[in-house]
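What follows is a single structure, written as structure tokens, with notes after it.
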Amino acid sequence: MSIELQNISKTFGKTTALDQVSLTLEPGHIYGLLGSNGAGKTTLLSILTDRQRPDQGQVLVDGMPVQNNDEALHQIFLVGEQNFFPDDMRVGRAFRTMSWFYPSFDQDYALDLARQFGLPLKKKITALSTGYSSIFRLILCLSVNTPYLIFDEPVLGLDAQHRDLFYRLLVEKFAQGDSTILLSTHLISEVENLIDHTIILREGRVLRDAPTEELMANAYTVSGPSGLVDDYAAGRQVLTAHALGGLKTVSIQGRPEGSLPVGLEQSPLRLQDYFISLQEAEDQERKEGSYGYEH
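Take this note's numbering: the final residue in the sequence shown is number 572, and no numbers are missing along the way.
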């Protein structure tokens, strides 16, 4: 069982949203889909759920193409910002309606989650605040019990207490072993301890697709006097470098080797720092490349 995206490409006019993207989402993982604005994350999720069609490639769910395939699409539930319920429908009625479309929907669990989050059942969905609109959609996804659960910016508008509650509920859901979970988010620091596999998109391309632990084991920072740092970094793959006065910090792609020279300090990269360093490294390469072309 898996979701396979095979050579997915999508353009809008002159803009390439996705460029030959191939990914496999396998059971037993919480995936993190990371990327800056315009990276192609939302387009990718829309194609995955057949809300948009790719110009090239296909999506398979457990071997079945998703295009016009209700059987395949009923294996997936996507939480986004859109509301697909009638404008006058109330929260409690929406929970009952979900059972018609998804027989596995656990209405009792949804009601319990509504109590935990303080979501008013009698309020119209369209009258909910931004935070409670997000909570409503999160409850649907946590209660639907499909094999694949996809969250697109799930904590939009949530306060710290509700975000913490959601993350705890998500871990509980995953621990049951019934769902593969994909989180698309800008809040990397909040999910880096949850996701065990990281996918990084940039301008429609896959920059990284690997277990999170593996990525973190292959990157670190070194800081200290500029001269010592430069000597240490020579011959290594430097992602980014930042200097302040006579001190310097570099982010390095690769595993630390041997002992660190006296006067330098080494520390691991957090996932958010790795993501930023990767973007900055690409920007620098492009800048240098453009200078080389001009000269």
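Every residue, glycine too, gets a C-beta built ideally from N, C-alpha and C.
Problem set entry | Minimum C-alpha distance to Leu505 - residue among Gly395, Leu537, Gly369, Val468 | Leu537
Problem set entry | Pair within 7 angstroms by beta-carbon distance, Leu426 and Ser456 | yes
Exercise. Between the Cα of Gln283 and the Cα atoms of Gly290, Ser299, Lys291, Thr293, which residue gives the shortest distance?
Worked result: Ser299
Problem set entry | Residues near Asp364 in its chain [Cβ-Cβ closer than 6 angstroms; skip 5 each side] | Thr403
For this session: Pick out whichever of Met278, Ile280, Thr320, Ala494 has its Cα sitting closest to the Cα of Thr288.
Result: Thr320
For this session: Measure the alpha-carbon distance for Leu419 versus Leu311 and round it to whole angstroms.
Result: 21 angstroms
For this session: Would you please state the rounded distance, in angstroms, between the beta carbons of Thr262 and Leu350? I believe it to be under 8 angstroms.
Result: Because the chain spans 278 through 572 in this model, residue 262 falls outside it and cannot be assessed.
For this session: Check the C-beta distance from Leu442 over to Phe372 and give it rounded, since I have them as a contact under 8 angstroms.
Result: Wrong, their Cβ atoms sit about 18 angstroms apart, outside the cutoff.
Exercise. Which term fits His519, buried or exposed, when burial requires 16 or more other beta carbons within 10 angstroms of its beta carbon?
Worked result: exposed
For this session: Would you kindly report the start and end of the unbroken beta strand (DSSP E) that includes Val356?
Result: 353–356
For this session: Drop a sphere of 10 angstroms on the beta-carbon of Gln344, count the other beta-carbons inside from all chains shown, and report buried for 16 or more, exposed for fewer.
Result: exposed
Problem set entry | Check whether Ile472 and Gly309 have beta carbons under 7 angstroms apart | yes
For this session: With hydrogens ignored, establish whether the beta-carbon of Leu484 is closer than 6 angstroms to any heavy atom of the ligand SAM.
Result: In terms of ligand content, the structure shown is empty, and the ligand SAM therefore cannot be addressed.
Exercise. Using CA coordinates, which residue listed in His439, Asp429, Phe362 is at the minimum distance from Arg392?
Worked result: His439
Exercise. Helix, strand or coil for Asp486 per DSSP?
Worked result: strand
For this session: Can you have a look at Tyr570 and say buried or exposed, based on whether 16 or more other CB atoms are within 10 angstroms of its CB?
Result: Note on Tyr570: pLDDT 35, under 50, position unreliable in the model; the coordinate value appears next. That one is exposed.
Exercise. Going by alpha carbons, who is nearest to Leu417 out of Tyr379, Glu562, Val448?
Worked result: Tyr379
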